[in-house]
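In what follows, a single structure is set out as structure tokens and then discussed.
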Amino acid sequence: MHVVRLLSPKLENETHTKDIDFSPAGINNRWEAGHADTKRALEQQAWIGEWGLLDGVVLHESRPGAEPASEMEPGKPSGFQAGPHKPRGRIGEAVMGACTRISAIQLFAMVFSFLLAGLFLDVFWVRVAEELHHGDIAGALRKQSWLNAFVALGAAGAAIRLLLWVGSCANGGL
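For the sequence shown, this note's numbering assigns the number 3 to the initial residue and increments by one for each residue that follows.
Now the structure itself:
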């Protein structure tokens with residue numbers, strides 16, 4: 003089998019950074035260059051000649067000296083500017099590790115459960131004050147305020163943790 007390798011011809015104003023002109027004129031130029039290269043390869047008729055039956059696949063270049071360009075040519079791409087690199091310390095790495103291990107659903111569930119508990123504590127304390135404290139309303143109110151403060155603090159902490167988590171996962175660090 004004979005294979006003719008057709009390489010995309012390099013046109014003006016194109017570099018290895020894939021700066022390809024996709025305007026109608028640029029597409030026409032690319033098509034014409036490719037058509038001319040294909041026509042030249044077919045006119046050479048490289049497959050005519052003496053070839054052994056055991057040669058397998060015979061590769062022909064479309065034009066002499068046509069070799070594929072390396073993936074990276076020396077030099078910098080046009081418009082490349084190296085900016086200052088912001089190093090990420092151990093805290094940033096730990097935060098990014100937490101972003102991959104903890105799901106947002108778990109954090110939302112935690113915040114929601116604290117808020118739900120805070121909303122329903124008043125209902126709970128009003129309903130069972132007589133049953134739990136045997137008429138000691140002052141003691142029930144003291145315990146109610148402490149428990150409400152504890153749940154509110156937990157809900158605020160969970161909300162702050164959620165905001166820190168979302169911010170750190172979005173920005174890549176604290």
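Idealized CB from N, CA, C, for every residue including glycine.
Because the structure is a prediction, the values reported are computed rather than measured.
Over what stretch of residues does the alpha helix (DSSP H) that includes L44 continue unbroken? The residue you call residue 44 lines up with position 42 of the sequence shown. Taken as a continuous stretch (DSSP letters only), the alpha helix (DSSP H) holding L44 covers 26-46.
C-beta atoms of A43 and L8 nearer than 8 angstroms: Along the sequence shown, read from residue 1 onward, the residue named residue 43 stands at position 41. Along the sequence shown, read from residue 1 onward, the residue named residue 8 stands at position 6. Yes, these two residues count as a Cβ contact at 8 angstroms.
Report the option in V6, A161, W33 whose CA atom is closest to the CA atom of Q47. In the sequence shown, residue 47 corresponds to position 45, counting from 1. That would be V6, whose Cα lies nearest to the Cα of Q47.
Please check the pair R109 and R163, which I expect to be a contact at CB under 8 angstroms, by giving their CB distance rounded to whole angstroms. What you label residue 109 is simply residue 107 of the sequence shown in a count that begins at 1. What you label residue 163 is simply residue 161 of the sequence shown in a count that begins at 1. First, the amino acid is wrong: residue 109 is Leu here, not Arg. The pair is a contact, with the Cβ atoms about 7 angstroms apart (cut-off 8 angstroms).
Three-state secondary structure (DSSP) of I162: For the purposes of this step, residue 162 is taken as the residue at position 160 of the sequence shown. It is helical.
Taking all protein chains shown into account, do 16 or more other C-beta atoms lie within 10 angstroms of the C-beta of V113, making it buried, or fewer, making it exposed? Taking the first residue of the sequence shown as position 1, residue 113 is located at position 111. Result: buried.
Give the straight-line distance between the Cα atoms of A27 and G51, rounded to the nearest whole angstrom. For the purposes of this step, residue 27 is taken as residue 25 along the sequence shown, with counting starting at 1. For the purposes of this step, residue 51 is taken as residue 49 along the sequence shown, with counting starting at 1. Straight-line Cα distance between these residues: approximately 39 angstroms.
Reduced DSSP secondary structure (H/G/I, E/B, other) of G51: What you label residue 51 is simply residue 49 of the sequence shown in a count that begins at 1. G51: coil per DSSP, three-state reduction.
Would you call the CB atoms of F116 and A151 closer than 8 angstroms? The count along the sequence shown starts at 1 and reaches residue 116 at position 114. The count along the sequence shown starts at 1 and reaches residue 151 at position 149. In this structure, A151 does not lie closer than 8 angstroms to F116 by Cβ.
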